[in-house]
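A short write-up of the structure that comes next.
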Amino acid sequence: MTIDPRIIETLRKQPDIPELDLSWLNPKDTPGITVKLGKRGLTLDEINVGVYGEVPDTARHGTTRVRGSTPRPGVVRTAYFVPEKSDIWADNATLIYEEAVQRQWSSATDIPWESVEPLPDDVEEAICQICTFLTEVEFIAGDAPGQWLKQISPDHYEVALYLVTQVMDEARHLDVFRKRALVNGCGLLEAQGATRGLRNILDAKDFTEMSALMHVLAEGFVQTMFRTGEFIAQNEAEKTIFRLCAQDESRHVGFGVMHLRYVLEHAPERREEIHHYLDRAEQLFGHPADGGNAGLQEALLITMGGGKKNIDRGAQLAMALNKKQANEYMHRLEVAGLGDRRYRMNPALAMALDPPKA
Amino acid sequence: MTQEVTSKTAASTAGGIPADLREKAEANNWPLAFIERALARGAPPEVLHQALDAGLTPLEAMQALAGSGAGGGLELGMAWSKVDTERGIRAKLGKKGLTIDAINVGSYGDVPDLWPDQSMRPRGAYVRPGAVSMGYTIYSKAEVWADNLGSLYEEAIQRRWAPATDIPWHTITPLPEDRERAMGQICTELCEYNYMVILALGKWIREVGYGYHEVKLFLSTVLFDAGRHFEAFRKRALANGGGLGMQGTGDRLVPIRDAMCYSEMATLVFLMNDSFVLSLYELGAGLAQNEAESRLFSLAAQDKARHVAYGVEHTRFLLEHQPQRREEIRKYLSKGEEYLAKDDVQDVPMREALAIHLGGGLEQIGEGFRKLKDFRRRQVLAYLDRVETAGLQDHRASLWPELAAYLEPA
C-alpha cells in the first residue's frame, strides 16, 4: 500500500499521536490475495494459495510466526520444533481436518439413549466391560498427539490442526463409553491398566513411530472393531455410538496411513526403521506378560454370541473379527507402501491373513 | 476333532506349556503365545496335539474348538465381572441429554483430592495390580479442578461451529486497503496467540491423571477451539485481497512458554491472556464491517468466554483449597502483566492496526489512538473484575504499573 506522505504529515501535527511507523502497511513478502469459496465453503485448501500455500520442507524458526507472515527480527524462540516436513506430514491433513470440524457430534444429545433397555445381566456386564476398556484406552490417542503438539512448527500448522481434532474426537470417545457403562444398571468393571502396547505409544521418541503404532496399528484395530459394532451392539444407542466412533476413527487411521506413505516416498531410507517399530508393536500387542486382554475378549464373545450360553457362536464371530482386523491392517500397510510387511508380520497376527491377491 | 481326554502326561516347562507340546508347536510354526492363550482358556493340551497332528493352522484350530458345540475348550474366566466396583448405576437423561455431570453419580462422581494412580484406570473402575506408570504428573485436584468443567465441556460441543461453512464469507466486500491491512495484522496476531495455546495445552493435557477426566475433556475442547480460531483468523486475513501482517513480538507468550506448573499456565492463559483476548474478540464483533466478521468474532468470543469462565472458577477453587498459594498466583499474574505491557509498547504494528480499526481508517488514526486508550481501560477493568471474582481481591493494588496507568483519570 502506498502511503500518501501528506497524510503522514497531517497526522504528525495532531496532538497526542505517538510516533508512527506504518511500514507494516506495505509488506514486501506478504502479498494480498483473494481466495474463492469452494463447494465445501472456505476450506484450508482454498486459502493455501501462492506464498501462503508453500509448505517448507524444513521449518527453520522456533517461534510462533504464522506461515506467510512477515518475520520480525529479535523474536524469542518458543520451542524446538520437528524441522523436517517429511517427519510429520500427510497430504490429507487439511481434508480430514475440515471433515472433522464438520462431523463433530455430541454424546449427550446425538445418541438415542432412550433406546437402551434392560439387558440380561451377562450381556449388560459384557457391554460394560467393553465400555470400560474403551473409555480407558481411547484417550491414549488424545494424550499421545497432545505430547507431540508442542513440537509441530506453525510452518506445518495443518498437522497441528488435524491433531487437535483427534484429541477432541478421543475426548468424546472417552466420554461416550463411560456414559454407556453408567446408564443401564451396571457400571465400570475391570481396567487393563497400562499395557506394554499402549505404553509403547507414549514411549515413542519419533513422530512416525508414534503414528505407526497408534494410528495404523492400534487405532486400525479399534476402527475395525467399531465397524463391526452391529455384532456387538444390543440397541440403537450402541449402534449409533459405534457408527459415529468408527467415522471419527477412520480419519485417524487415514492420517496415519497417508503420513506413512509420505515418509516412505520422501525418506525411503526409513523403511527398515519403520518395520522395526512395527516388529516391536506387533509383538507387544496381546503380550502374554500382560495377561492378555481376557476381559475384552470374553466380553466380546458374550456380546457377539448374545449371551454366555452362546459363546461358541461368539467365538466364531470374534475370530472373524480378529481375521478382519489383521487383513484390514495389512491392507492399510499396502496402501502406505509397506506391502512387504506381510512377510515379517508377527506370527500371531499373520496367521489370520488371507493369502495375498495374485 | 475329538476331545478325548487321554492320560498322557507331559512335563511342564517355564511358561506353562508342556515340553512336548512346545516342541511340536515350534516345529509347526505355531506362535507360542497362541498356545499359552489357548491353554489359559481351558483348551486341553491333548486337543492342541490333535490339531497340530492334523496339520491345522492355529486359526483353524481355534475355529474348530469353538465350533465343537461343547464349549470347545473355551471356558470363561469372568474374573472381570467379579470386581468390586459399584453396580446398579442408572444415570438419568436431563434436559440437556446425558451429560458428563449426569453420570457423576455414586462413587463415579467422587472426585478425589488426590489421584496418585499412574495408570489409565477410569475413575470408578478396578485395575489389575501391576499396571505400569503412564507418566501422569498431575494428581492433585486443586491443581486442575473447576466445578464448571462438565457444563463447559458439554456446552463446547453443543455450540460447535465450522469456519468453512458457518461464516458467511460471501458477505465480505472490498475494504479500503488500510483497513484491510489492519484487519490482516490483527488476525495474524490472533493466529499466533491461538497457536501458542495449542503448544501449551498439548503439553499439559498429557500430564493430567485419569482421575480428573473432566479436565482432560474440557482441555480437549479448548485445543479444538484454539485450532478453529487459528484457522478462522487465517482465513479472514486471506479472504479479501489483503494478506497476513507482521509477526508479533512474542513477548506476551513468553510466560506461557515458561510455565512450570499447571496452575501457572492456567493463570496465564485462562485468567489473564484470555481475558484480554476476549475483550478483543468482542471489540472485533462490535466493529465488524460485514456479517462475516460479525459472526466470526462473535462465535470466537462465545468460545473464549468458556475458557475465561474456567480460568475464574479454577483459580477460585485453587485458592479455596490451597489459600497458601495466593501470593504465588499473584506473582504469575504479575509476570504475565509485565510481559503484556511490554508487548503493548513494543508491538507497534498491532497498536497502529487497532488504532486504524477503531478510528475507521488511517486518516482517523489519531481518533483511533484515543479510542484505543479507552479500549485498553475497558480491557483492564474487565480483567480486574475477573481476577477479583476468582478470589484475588484488591488486585488493583498489585496491577503492573503500565496496565494500572490505563485506569487513571484522563
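If you're matching them up, the sequences are chains W and Z in order.
Residues 43 to 400 in this note's numbering are what the first sequence lists, from first letter to last.
Residues 1491 to 1900 in this note's numbering are what the second sequence lists, from first letter to last.
Quick reminder that beta carbons are idealized off the backbone N, C-alpha and C, glycines included.
The structure displayed is predicted, hence computed values, not measured ones.
Leaving aside the five residues that flank W/L240 on each side, the residues in its chain whose CB is nearer than 7 Å to its CB run, in chain order, V179 and I182. Using a Cβ distance threshold of 8 Å, W/L302 and W/A254 count as a contacting pair. Between the alpha carbons of W/L176 and Z/G1625 lies a distance of about 20 Å. The beta carbon of W/D129 sits no closer than 8 Å to any beta carbon of chain Z.
W/P196 sits in a helix when the DSSP states are folded into three classes. Non-local C-beta neighbours of W/Y385 in its own chain, meaning closer than 8 Å and more than five positions away in sequence, are absent. Cα atoms of Z/T1711 and Z/S1597: separation of roughly 26 Å, rounded to the nearest angstrom.
Around the beta carbon of Z/P1535, 16 or more other beta carbons sit within 10 angstroms, so the residue counts as buried.
For Z/R1886, the closest alpha carbon among the candidates Z/L1862, Z/A1894 and Z/D1764 is that of Z/A1894.
Residue burial annotation: Z/K1825 is buried, with at least 16 other C-beta atoms found within 10 angstroms of its C-beta. One alpha carbon belongs to W/V305, the other to Z/N1684, and they sit about 28 Å apart.
CA-to-CA, the gap between Z/R1860 and W/I49 works out to about 18 Å.
Chain Z places a beta carbon closer than 8 Å to that of W/P73, counting this residue as a contact. Rounded to whole angstroms, W/R82 and Z/K1582 show a C-alpha spacing of 38 Å. Across the structure, W/E340 and Z/L1511 are spaced so that their CA atoms are roughly 25 Å apart.
Within the same chain, A394 come within 6 Å of W/N364 by CB-CB distance, once the 5 residues on both sides are set aside.
With respect to W/V77, Z/A1791 sits apart: the two C-beta atoms are not nearer than 8 Å. For secondary structure counted as the alpha helix (DSSP H) over 4 or more consecutive residues, the stretch 1612-1698 of chain Z holds these complete runs in sequence order: 1631-1634, 1639-1648, 1653-1656 and 1667-1695. Residues of the stretch 205-227 of chain W that bring their beta carbon within less than 7 Å of a beta carbon in chain Z comprise V206, T207, V209, M210, A213, L216, D217, R220, K221, L224, V225, N226 and G227, in sequence order. Straight across, the Cα-Cα distance linking W/L203 with W/P154 is about 30 Å. Taking 7 Å as the upper bound on Cβ-Cβ separation, chain W lies near residues E1644, I1647 and Q1648 of the stretch 1626-1648 of chain Z.
For Z/W1570, the nearest beta carbon of chain W is closer than 8 Å to its own beta carbon. Z/D1591 and Z/V1877 have their alpha carbons spaced roughly 26 Å apart. Leaving aside the five residues that flank W/E324 on each side, the residues in its chain whose CB is nearer than 6 Å to its CB run, in chain order, N388 and L391. Using a CB distance cut-off of 8 Å, W/I89 counts as an interface residue toward chain Z.
Short of 8 Å from the beta carbon of Z/A1795, and not among the five residues preceding or following it, lie these beta carbons of its own chain, in chain order: L1768.
Rounded to the nearest angstrom, the Cβ distance from Z/E1576 to Z/G1614 is 7 Å, consistent with a contact under 8 Å. At a cut-off of 8 Å between beta-carbon atoms, W/L255 makes no contact with chain Z. In this structure, the alpha-carbon of W/T106 lies about 15 Å from that of Z/G1692. Residue-level contact check: W/P397 does not touch chain Z, since none of the beta carbons of chain Z fall below 8 Å from its beta carbon.
For the alpha helix (DSSP H) assignment, the uninterrupted runs of no fewer than 4 residues enclosed by the stretch 1807-1861 of chain Z are, from N- to C-terminal side, 1816-1836 and 1838-1849.
Interface flag for Z/G1733 against chain W is set, since a Cβ pair is found closer than 8 Å.
Note that the C-beta distance between Z/N1638 and Z/E1803 is below 8 Å. The Cβ atoms of W/V264 and W/E232 lie no closer than 8 Å to each other. Judged by DSSP in its simplified three-state form, W/M372 adopts helix. Taking a C-beta cut-off of 8 Å against chain Z, the contacting residues of the stretch 336-352 of chain W are A336, G337, E340, A341, L343, I344 and K350, listed in chain order.
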